[in-house]
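Enquirer: Following UniProt numbering, the numbering of the sequence shown begins with 1 at its first residue and continues without gaps. Backbone N, C-alpha and C fix where the C-beta goes; we use that ideal spot for every residue, glycine too.
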Amino acid sequence: MVGMRDVAKKAGVSLSTVSLVVNGAGCVSDDMRERVAEAMRALNYVPNELARNLYHDRTNTVGVIVPTIRHPFFATLAAGLQRELSERGLRTMLCSTADSGTGEAEYVDMLRRHMMDGIVMAAYTEHAPDYWTSIGRPIVGFDCYLGEGIPSVGSDHEQGGRLIADLLIHSGSRHVAIVGGPCRQFHDLAQTPTGEARQTESPGNTTFPTVRYYLTLERELQRAGIRCEYIEAGEVADFQGCATAMRELFDRFTDVDAVVSSDIGAACCVQEVFRRGMRVPQDVQVVAYDGTYLTDMAGLRLTAVCQDFDALAGTAVARMTDAIEGRPVDSAGDVIPVSLREADTTRR
1 MVGMRDVAKK AGVSLSTVSL VVNGAGCVSD DMRERVAEAM RALNYVPNEL ARNLYHDRTN
61 TVGVIVPTIR HPFFATLAAG LQRELSERGL RTMLCSTADS GTGEAEYVDM LRRHMMDGIV
121 MAAYTEHAPD YWTSIGRPIV GFDCYLGEGI PSVGSDHEQG GRLIADLLIH SGSRHVAIVG
181 GPCRQFHDLA QTPTGEARQT ESPGNTTFPT VRYYLTLERE LQRAGIRCEY IEAGEVADFQ
241 GCATAMRELF DRFTDVDAVV SSDIGAACCV QEVFRRGMRV PQDVQVVAYD GTYLTDMAGL
301 RLTAVCQDFD ALAGTAVARM TDAIEGRPVD SAGDVIPVSL READTTRR
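1. What are the boundary residues of the beta strand (DSSP E) that includes Y145?
2. Based on DSSP bridge pairs, tell me the residues matched to L92.
3. How far does the beta strand (DSSP E) with T303 in it extend, from its first residue to its last?
4. Are the region 244-261 and the region 280-293 touching, with three or more C-beta to C-beta distances below 8 Å?
5. Could you work out which residue in Y289, A304 and I139 is closest to A343 when comparing CA atoms only?
6. Who does Q285 pair with in a DSSP beta bridge?
7. Go ahead and label P328 buried or exposed: buried means 16 or more other beta carbons lie within 10 angstroms of its beta carbon, across all protein chains shown.
8. Alpha carbon to alpha carbon, how far is A98 from R219?
9. Any idea what DSSP makes of D330, helix, strand or coil?
10. Taking S86 as part of the alpha helix (DSSP H), name the residues at either end of that continuous run.
11. For L340, report the span of its beta strand (DSSP E) as first-last.
12. Per DSSP, what are the beta-bridge partners of H175 in this structure?
13. What residue does the alpha helix (DSSP H) around G314 start on, and which one ends it?
14. I'd like to check one pair, Y124 with I65: are the Cβ atoms closer than 8 Å?
15. With a threshold of 16 other CB atoms inside 10 Å of the CB of E84, please say whether the residue is buried or exposed.
16. Pair every Cβ in the region 315-331 with every Cβ in the region 133-149, then say whether three or more of these pairs are closer than 8 Å.
17. Please state whether DSSP places A115 in a helix, a strand or coil.
18. Buried or exposed for L221, please, with buried defined as at least 16 other CB atoms from any protein chain shown within 10 angstroms of its CB.
19. Quick one: Cα of G265 to Cα of V179, how far?
20. When burial is assigned at 16 or more other CB atoms within 10 Å of the CB, is R35 buried or exposed?
21. Under the rule that 16 or more other beta-carbon atoms within 10 Å means buried, what is V46, buried or exposed?
22. Whole angstroms is fine: what's the gap from S155's alpha carbon to Q307's?
23. What residue range is occupied by the uninterrupted alpha helix (DSSP H) comprising G160?
24. What whole-angstrom Cβ distance do A233 and G181 have, given they're in contact under 8 Å?
25. D296 and P72 - do their beta-carbons sit closer together than 8 Å?
26. Under 8 Å by Cβ, that's how I've got E272 and R247 pegged, so tell me the actual separation to the nearest angstrom.
27. Is the beta carbon of D117 closer than 8 Å to that of V62?
28. Alpha carbon to alpha carbon, how far is L294 from V18? Give it in angstroms, no decimals.
29. Alpha carbon to alpha carbon, what distance is there between V153 and D330?
30. Alpha carbon to alpha carbon, how far is R58 from I169? Give it in angstroms, no decimals.
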């Protein structure tokens, strides 16, 4: 096996010079650098990446933690993050907490032990902010608040709530149902949407983004005199739970004339409305929240609030590379605008 000593002998330079060239460190003249490179090519020498990473205290690997890749939102997000990381010469270690018995703990431990350079945290977490701030390694929160000093990137969910409210108000809706995740995820509010009391420290720093979109939508609808319900569905990847929630919704509230949910929930809603012999959007308007590829696969093209996946991924990776390189990182949080795409499931 060819080693650096062989390269040094071939190039007629010292072993330390070869080491500096291989690791991209120190001051080496262009002529000397070219001699080493020519010797490496002649000997087909491939640098030991593990050793090089140890030299720089880098792995060139970033962990991306999502709840599951079975959900179209997180699959689309993960693909965007992987693309952006690859363009910056970084590898992706994809971590799915739903399929891990230890949640994110295993991957955080890997970060602590310098087996990764950083983590983009895009999964729901019940850990308090001091857990994350104590890690002392590069972390970027995606659509979540992890603690003071940790940068975050997310969509403008308050804008999303206003866009939906404006659409439903002007299209004549009178009874709106929002179908979302379990209310335990609203843990930073004094009261959940279903009325369960909870203690709160900082409602503005919620760890679950739907709180902001839901509260804004509820507030705007109530101001307009429109009745609003929150219906709990299953966990993020519980597709059957979504379908069941839609059936129970229409069994319980026969006068609901608009439903807002994730892309998966909205697709299930369209099917349930059709199953009951009703029409979309004449009898029930349906609005999806996310804007993934699924909005074009529900039989009707779904009206959707679309999150800008390219901007979200690009900004998150930019913050991560800044943190890895030791550059100052603004921890105020990057908020990316959303957009409303009107289609077949709402009235115009």
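Expert: So, to answer that:
1. In the sequence shown, the residue the question calls residue 145 occupies position 145. Where Y145 is concerned, there is no enclosing beta strand (DSSP E), given that its DSSP letter is neither H nor E.
2. Within the sequence shown, numbered from 1, the residue matching residue 92 stands at position 92. A small fix is needed here, since residue 92 is Thr in this sequence, not Leu. For T92, which the question treats as bridged, DSSP gives the partners V62.
3. What you label residue 303 is simply residue 303 of the sequence shown in a count that begins at 1. Run containing T303: T303 to C306, per the beta strand (DSSP E) assignment.
4. yes
5. By 1-based counting over the sequence shown, the position of residue 343 is 343. The residue with the shortest Cα to Cα distance from A343 is A304.
6. Start at 1 with the first residue of the sequence shown, and residue 285 comes out as number 285. Per DSSP, A258.
7. Within the sequence shown, the letter at position 328 stands for residue 328. By the 10 Å Cβ count, P328 comes out exposed.
8. Your numbering for residue 98 matches position 98 in the sequence shown. Your numbering for residue 219 matches position 219 in the sequence shown. Their backbone Cα atoms lie some 32 Å apart in a straight line.
9. Here residue 330 corresponds to residue number 330 of the sequence shown, with the count starting at 1. Three-state result, D330: coil.
10. Taking the first residue of the sequence shown as 1, we reach residue 86 at position 86. Counting along the chain, the alpha helix (DSSP H) containing S86 begins and ends at P72 to E87.
11. Residue 340 sits at position 340 when you count from the first residue of the sequence shown. In the DSSP assignment, L340 falls within the unbroken beta strand (DSSP E) covering S339 to R341.
12. Residue numbering aside, residue 175 sits at position 175 when the sequence shown is read from its first letter. Paired residue(s): R227.
13. Within the sequence shown, the letter at position 314 stands for residue 314. Looking at the DSSP string, the run of the alpha helix (DSSP H) that includes G314 is F309 to I324.
14. By 1-based counting over the sequence shown, the position of residue 65 is 65. By 1-based counting over the sequence shown, the position of residue 124 is 124. Not a contact, by the Cβ cut-off of 8 Å.
15. Looking up residue 84 in the sequence shown gives position 84. Result: buried.
16. yes
17. The residue labelled residue 115 in the question sits at position 115 within the sequence shown. The amino acid at residue 115 is misidentified as Ala; the sequence shows Met. Here M115 sits in coil by DSSP.
18. Here residue 221 is taken as the residue at index 221 of the sequence shown, counted from 1. L221 should be labelled buried.
19. By 1-based counting over the sequence shown, the position of residue 265 is 265. By 1-based counting over the sequence shown, the position of residue 179 is 179. Distance between the alpha carbons of G265 and V179: 7 Å.
20. Numbered from 1 along the sequence shown, position 35 holds the residue referred to as residue 35. Burial call: buried.
21. Counting from one through the sequence shown, the residue named residue 46 turns up at place 46. V46 comes out exposed.
22. As a working mapping, residue 155 is identified with position 155 in the sequence shown. As a working mapping, residue 307 is identified with position 307 in the sequence shown. Rounded to whole angstroms, S155 to Q307 spans 7 Å at the Cα level.
23. On the sequence shown, position 160 is the one that residue 160 refers to. H157 to H170 is the span of the alpha helix (DSSP H), which, as asked, contains G160.
24. Counting from one through the sequence shown, the residue named residue 233 turns up at place 233. Counting from one through the sequence shown, the residue named residue 181 turns up at place 181. The Cβ separation is near 7 Å, so the contact holds.
25. Position 72 of the sequence shown, counted from the start, is the residue given in the question as residue 72. Position 296 of the sequence shown, counted from the start, is the residue given in the question as residue 296. In this structure, D296 does not lie closer than 8 Å to P72 by Cβ.
26. Here residue 272 refers to the residue found at position 272 when the sequence shown is read from its first residue. Here residue 247 refers to the residue found at position 247 when the sequence shown is read from its first residue. Contact flag correct, Cβ pair sits at about 6 Å.
27. Within the sequence shown, numbered from 1, the residue matching residue 62 stands at position 62. Within the sequence shown, numbered from 1, the residue matching residue 117 stands at position 117. Cβ distance < 8 Å, so V62 and D117 count as in contact.
28. Taking the first residue of the sequence shown as 1, we reach residue 18 at position 18. Taking the first residue of the sequence shown as 1, we reach residue 294 at position 294. Taking the straight line from one Cα to the other gives about 53 Å.
29. Position 330 of the sequence shown, counting from 1, holds the residue named residue 330. Position 153 of the sequence shown, counting from 1, holds the residue named residue 153. Approximately 11 Å between the Cα atoms of the pair.
30. Position 169 of the sequence shown, counting from 1, holds the residue named residue 169. Position 58 of the sequence shown, counting from 1, holds the residue named residue 58. Those two C-alpha atoms are separated by around 53 Å.
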